[in-house]
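In my numbering, the protein residues as written are 238 to 508. Note that CB positions come from ideal geometry on N, CA and C, so glycine has one too. Following: one structure in structure tokens, then a few remarks.
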Amino acid sequence: MRMDRRLRRLYGAGWLISAGVTLVAFRMWHLHLREVEQRAEEAERTREEVARRRAVEERLRIARELHDSLTHSISVIRVQSGVAAHLARKRGEEVPPALLAITEASADAARELRATLSVLRNGDADGGTGLGRLAGLISRARAAGLTATVTVAGTERPLPPEVDQAAYRIVQEALTNVSRHAGSACASVRLRYGPDTLTVQVDNDAPGAGDDGDSSGPVGTEDGREPAPARGLGLIGMRERVAALGGRLDAGPREQGGFRVRAELPAQAPA
Numbered sequence: 238m239r240m241d242r243r244l245r246r247l248y249g250a251g252w253l254i255s256a257g258v259t260l261v262a263f264r265m266w267h268l269h270l271r272e273v274e275q276r277a278e279e280a281e282r283t284r285e286e287v288a289r290r291r292a293v294e295e296r297l298r299i300a301r302e303l304h305d306s307l308t309h310s311i312s313v314i315r316v317q318s319g320v321a322a323h324l325a326r327k328r329g330e331e332v333p334p335a336l337l338a339i340t341e342a343s344a345d346a347a348r349e350l351r352a353t354l355s356v357l358r359n360g361d362a363d364g365g366t367g368l369g370r371l372a373g374l375i376s377r378a379r380a381a382g383l384t385a386t387v388t389v390a391g392t393e394r395p396l397p398p399e400v401d402q403a404a405y406r407i408v409q410e411a412l413t414n415v416s417r418h419a420g421s422a423c424a425s426v427r428l429r430y431g432p433d434t435l436t437v438q439v440d441n442d443a444p445g446a447g448d449d450g451d452s453s454g455p456v457g458t459e460d461g462r463e464p465a466p467a468r469g470l471g472l473i474g475m476r477e478r479v480a481a482l483g484g485r486l487d488a489g490p491r492e493q494g495g496f497r498v499r500a501e502l503p504a505q506a507p508a
């Protein structure tokens, strides 16, 4: 009997010790897993911080390059066109509309460049460019010799800032291409506010205008023939803007001649 009781006590103590060791081992394993998770989270945070720091450094580098390469040139254009307009008035001559358009466009370009540099340096949203400035854009296009009209369908309403800016940029790029390739053409801008979308459509009657999105002009070849103009980045930039917003852009020649750019953008009112 005594031997049986001692064996039972020994077995009980063995099971108790085994349970304690198991509990301690489980606790140590759990702590080890927590430590591994914390190290992984710390490594992820470090990678994100490094990526953010590199992104900031790259934005600053781009801002410096834009400032050094463009600010001086735009300022020179603005000053020289202003001086030319002043001298024309001083001589009692009428200032050519194209010269006034250059002065206004250079001032607007300088403003937009400053806003872009602010975005790159500080990450601030660019709220200075949108359809609210469309009237000024149309006026400059007309001063440059382009016949432009604007039609608005639907009820105008506030748009998300990125959609408002993208719509303005699409019209700006489309009109710029028409002016570059056929300044005497007629262009029509149509804005249609739907329940959930904003449709931006720019038509022109100049054959080939805008079909390359941009052009650096023809360059002579050795045999004297003129190659086709180099394709630029205008339409590519439009497509990237629209795609980033989840919209759709169609651009191409019209059946009746000319060129059409049509973009559908999501236009839900901001919360």
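In this structure, the alpha-carbon of R406 lies about 11 Å from that of R370.
Within a 10 Å sphere around the beta-carbon of Q275 sit fewer than 16 other beta-carbons, which makes this residue exposed. E477: member of the alpha helix (DSSP H) spanning G471 to A481, first to last residue.
Assignment of beta-bridge partners to G373 by DSSP yields no partner. With a beta-carbon spacing of about 5 Å, E501 and G484 fall inside the 8 Å limit used to define contacts. In this structure, the alpha-carbon of I339 lies about 57 Å from that of A277. Excluding residues up to 5 positions away in sequence, A422, C423, G494 and G495 lie with their Cβ nearer than 7 Å to the Cβ of D442 in the same chain.
Listed in chain order, the non-local C-beta contacts of A347 below 6 Å within the same chain comprise I311, local neighbours out to five positions each way being set aside.
Secondary structure of G251 (DSSP, three-state): helix.
About 19 Å separates the beta carbons of A390 and L412, which is beyond the 8 Å limit, so they are not a contact pair.
Taking a C-beta distance under 9 Å as the contact criterion, A404 and G367 qualify as a contact pair. If you keep only unbroken beta strand (DSSP E) runs of at least 3 residues inside the segment 288-336, you get nothing at all. When the Cα atoms are used, R377 and I314 turn out to be separated by approximately 16 Å.
Judged by beta-carbon spacing, V415 lies beyond the 9 Å limit of V437, meaning their Cβ atoms are not closer than that value. Assignment of beta-bridge partners to Y430 by DSSP yields L435.
For L396, no beta strand (DSSP E) encloses it, and the DSSP letter there is neither H nor E. In the three-state DSSP reduction, D241 falls in the helix class (H, G or I). Considering only R328, H323 and K327, the residue with the shortest C-alpha distance to L336 is H323. Under DSSP, the beta-bridge partners assigned to A500 are V437 and L486. Using a Cβ distance threshold of 9 Å, A504 and R394 count as a contacting pair.
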